[in-house]
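Q: Let me give you the structure first, and then I'll get to my questions.
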Amino acid sequence: MYVIPPEKSAEFVSNMEDVLEIYHRPYDPNCPVICMDEQPIQLVKETRLPLPAKPGQPEAHDYEYERNGTANIFMFTEPLSGWRKTVVSERRTSVDWATEIKNLLDNDYADNDKVILVCDQLNTHKLASLYSNSKFKWYK
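To convert, note that position 66 of the sequence shown is 66 in full-length UniProt numbering; the numbers rise steadily by one, no gaps.
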């Protein structure tokens, strides 16, 4: 079970209330709420051919596997419209995150002046990651 340390509980509740307020808003296609998460995964390869399925029994896979590296899955969803998108990358760095945010804004939301992005507090999910990425151009 995850326990919030007492010294962080006020900050946690404050952040949670911000997110809940965003989720409570009515759908606005001109300012969509986009949720984002990512997950590192291990790529595995079978070492033996699976045994075929039989009536009443599923295909059987051996427990042994060969490690084939890792990858990262980015998941973007706009829950109120039902839209979702997944992207696979080789790594999970701030540059990868910033690149996917740029692709999202340039390709999927190019017609929107504003979007609201909800993501967790992973160390790469920071505004500084966007500022330090040369693919972004900032206008004042």
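Beta carbons: idealized from backbone N, C-alpha and C, even for Gly.
In this structure, does DSSP put P32 in helix, strand or coil?
A: Counting from one through the sequence shown, the residue named residue 32 turns up at place 32. Correct three-state label for P32: coil.
Q: Residues in its own chain within less than 8 Å of R91 by CB, not counting five upstream and five downstream?
A: Your numbering for residue 91 matches position 91 in the sequence shown. The answer, listed in chain order, is N72.
Q: Tell me which same chain residues have a C-beta within less than 6 Å of the C-beta of V88, skipping the five on either side of it?
A: If you number the sequence shown from 1, residue 88 lands on position 88. Closer than 6 Å at Cβ, skipping near neighbours: A71, I73.
Q: Out of E46, I22, Q57, P50, which one is the CA nearest neighbour of E66?
A: The sequence position of residue 66 within the sequence shown is 66, counting from 1. Taking only the C-alpha atoms, the option nearest E66 is E46.
Q: Quick check on Y101: buried or exposed, where buried means 16 or more other Cβ atoms within 10 Å of its Cβ?
A: Residue mapping note: residue 101 aligns to position 101 of the sequence shown, counting from 1. The sequence shown places Ile at residue 101, rather than the Tyr named in the question. When all chains shown are included, I101 counts as buried.
Q: In or out: I116 buried (at least 16 other Cβ within 10 Å) or exposed?
A: Locating residue 116 in the sequence shown gives position 116, where the first residue counts as 1. Burial call: exposed.
Q: Can you tell me whether L51 is helix, strand or coil according to DSSP?
A: Counted from its first residue, the sequence shown places residue 51 at position 51. Residue state, collapsed to three classes: strand.
Q: Roughly how many whole angstroms lie between the Cα atoms of T109 and P32?
A: In the sequence shown, residue 109 corresponds to position 109, counting from 1. In the sequence shown, residue 32 corresponds to position 32, counting from 1. It should be noted that the sequence gives Tyr, not Thr, for residue 109. Cα-Cα distance, rounded: 9 Å.
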